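Chemist: Structure provided below as structure tokens; questions to follow.
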Amino acid sequence: MSVSQKAISAPVFIPLSAPEIRGNEWKYVKECLDTGWVSTVGSFVDRFENSVAKSVGAKHAVATSSGTAALHIALLVAGIQPDEEVLVSTLSFIAPANAVRYVGAWPVFIDAEADYWQMDPQKVADFLERGCQWRNGRLYNRETGRRVTAILPVHVLGHPVEMDPIRDLARQYELAIIEDASESLGAKYNGVHVGRLGDVSCFSFNGNKLITTGGGGMIVTDNQRWAERAKHLTTQAKDDPVEYVHTEIGYNYRLTNIQAAIGVAQMELLASYVDTKRLIASTYGRALHDLPGITLMREAEWARSTFWLYTILVDAGKFGMNSRQLMRELASQGIQTRPLWQPLHLSKVHSGAPAANCSTAERLNQNALSLPCSVGLSQSLQQKVIESILAVCRTRRH
Ligand SMILES: *Cc1c(COP(=O)(O)O)cnc(C)c1O
């Protein structure tokens, strides 16, 4: 069978979100291999850090081996101690909650708001006002008796959290803000890039993110001392590079030059990737907006979203099937979709952590379905996804 025949007869598979490698990746990686600079020191690491810092508008950036490692180190440099509590979005990938546990602290899970599905500032205020009390100038959770010292908002799906009220509360209650911007590089809140809205912020360059290094992360901050400490902790906390003297426990969390080379090439295309994601989102929006039982992903007036993972809500009663049934139906046609994460307050591994009513996150989890939205998704394949959803809707409704 010829290649072209094979392509014609092969069933289409439309992935949810595949990496887009089409820039200078090969060239820069080859440079690493040709020069022998393959490990955690090299010019691409510096270039990658500079390019992310510049793109976000932050003073310092420190590359890490993953977004999860970035969160771990960010919590350490922010001074979060064992048995303290950190407010975390419950509707999120699990990494930030796990990172809170790595430093021996506890997450307190905060519900999502219904409009943009981000950490709900009102629920943050409720917890701080009613669930906490001051003692000797320190804030404590009334129920657990533990000190509350930080807040970790997660900008999910490419859309920012509404940060002004959260920043006001953080100031009032003396909380550090650790931003998890892993899913939202390129997004803006009131014209300010995510990654500039906290005391220290984290990005991920995992394969499913908007831009990727295969695996990797970045810590971003304006605080020079914290940036230096982050670099120190990610490089095994080596005090003397000749004698190998250490005075504290460090980590091997550095990104390699090869990965950074891919990252530099990817960063060159970030702006165009964001434009493409926004185009994919508006195409879905136009095609699906009047389908009964479908709620579209929205963008707040104060936000510029990257629409990293384009997601809809499916109301089973009105649409005629629930989100999981629709997922299976589309899967049978080679179209990959996925529900959102199990809300973290329901996760077995975090069952010891406090959480108030998180019913919005639970409803969103029931109804949400992310649709194929790779940067490389062609118009014709997106049309196929749209046609398939419309067809399912037609057959279900009579
Ligand atoms: C992807 C992601 C991370 C970090 O993931 P890594 O795979 O460790 O790079 C952290 N938080 C959120 C919300 C994420 O989506």
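Add 135 to the 1-based position in the sequence shown for our numbering, that's all there is to it. For each residue, glycine too, the CB sits at the ideal point set by N, CA and C. From a predicted model like this one, the values you see are computed outputs, not experimental measurements.
Please name the residue in E248, S467, V355, S407 whose C-alpha comes closest to that of L210.
Modeler: Nearest option by C-alpha distance: V355.
Chemist: Let me confirm a value: A196 is counted as buried when at least 16 other C-beta atoms fall within 10 Å, else exposed. Which label applies?
Modeler: The residue in question, A196, is buried, as its Cβ has 16 or more Cβ neighbours within 10 Å.
Chemist: For ligand 1, is there any heavy atom lying closer than 6 Å to the beta carbon of F228?
Modeler: Result yes, Cβ under 6 Å from ligand 1.
Chemist: Quick one: is the Cβ of T446 within less than 6 Å of any heavy atom of ligand 1?
Modeler: False, no ligand heavy atom lies under 6 Å from that Cβ.
Chemist: Quick check on DSSP: helix, strand or coil for G385?
Modeler: Note: G385 maps to coil in three-state DSSP.
Chemist: Please list the terminal residues of the continuous beta strand (DSSP E) segment that includes Y275.
Modeler: Run containing Y275: 273–276, per the beta strand (DSSP E) assignment.
Chemist: For E363, name the three-state secondary structure that DSSP assigns.
Modeler: If DSSP states are grouped into helix, strand and coil, E363 belongs with the helices.
Chemist: Candidates D315, I521, D181, V147: which alpha carbon is nearest G105's?
Modeler: Residue coverage of the chain in this structure runs from 136 to 533, which leaves residue 105 outside it and unanswerable.
Chemist: Looking at S178 and Y388, is the spacing between their C-beta atoms short of 7 Å?
Modeler: Contact flag unset, no.
Chemist: DSSP on Q140, reduced to helix/strand/coil?
Modeler: Low per-residue confidence applies at Q140: pLDDT is 49, beneath 50, and the placement is therefore not dependable, though the value from the model is reported in the following sentence. Helix at Q140.
Chemist: In angstroms, rounded to a whole number, what distance separates the CA positions of Q268 and F442?
Modeler: The alpha-carbon atoms of Q268 and F442 are separated by roughly 38 Å.
Chemist: Anyone know if the C-beta pair for S458 and N502 falls short of 7 Å?
Modeler: Cβ distance < 7 Å, so S458 and N502 count as in contact.
Chemist: List the endpoints of the continuous alpha helix (DSSP H) containing V296.
Modeler: Run containing V296: none; DSSP gives neither H nor E here.
Chemist: Taking the alpha carbon of L512 as the point to measure from, which residue in A198, K162, Q471, L481 has its own alpha carbon closest?
Modeler: With distances taken between Cα atoms, L512 lies closest to Q471.
Chemist: Does V283 come out as helix, strand or coil in the three-state DSSP assignment?
Modeler: Of the three classes helix, strand and coil, the one that applies to V283 here is strand, per DSSP.
Chemist: From the DSSP output, in three-state form, read off M432 for me.
Modeler: Coil.
Chemist: Distance, Cα to Cα, S190 vs A240?
Modeler: Cα to Cα, the separation comes out at about 32 Å.
Chemist: My output table needs one value for C167: the three-state DSSP class, helix, strand or coil.
Modeler: Of the three classes helix, strand and coil, the one that applies to C167 here is helix, per DSSP.
Chemist: When you compare only the Cα positions, how much space is there between V527 and S152?
Modeler: Cα to Cα, V527 sits roughly 22 Å from S152.
Chemist: In angstroms with no decimal places, state the Cα-to-Cα distance between L414 and A305.
Modeler: When rounded, the distance between both Cα atoms is 35 Å.
Chemist: Between K453 and the rest of its own chain, which residues show a CB-CB distance below 6 Å, the 5 nearest in sequence each way excluded?
Modeler: If we look at K453 and ignore the five residues flanking it on each side, its Cβ neighbours are P427, G428.
Chemist: What residues match up with R439 in a beta bridge as DSSP calls it?
Modeler: BP columns for R439 point to K323.
Chemist: My guess is that I149 and L516 are in contact by the Cβ rule of under 8 Å, so how many angstroms apart are they, rounded?
Modeler: Rounded, the Cβ-Cβ distance is 5 Å, consistent with contact.
Chemist: At 4 residues or longer, what runs of the alpha helix (DSSP H) sit wholly inside the stretch 445–488?
Modeler: Listed in chain order, the complete alpha helix (DSSP H) runs (minimum 4 residues) inside the stretch 445–488 are 451–454, 458–466.
Chemist: Using only the alpha-carbon positions, how far apart do I521 and Y408 sit?
Modeler: Near 21 Å, if we compare the C-alpha coordinates of Y408 and I521.
Chemist: If you measure between the beta carbons of A488 and P242, is that distance less than 7 Å?
Modeler: For A488 and P242, yes; Cβs fall inside 7 Å.
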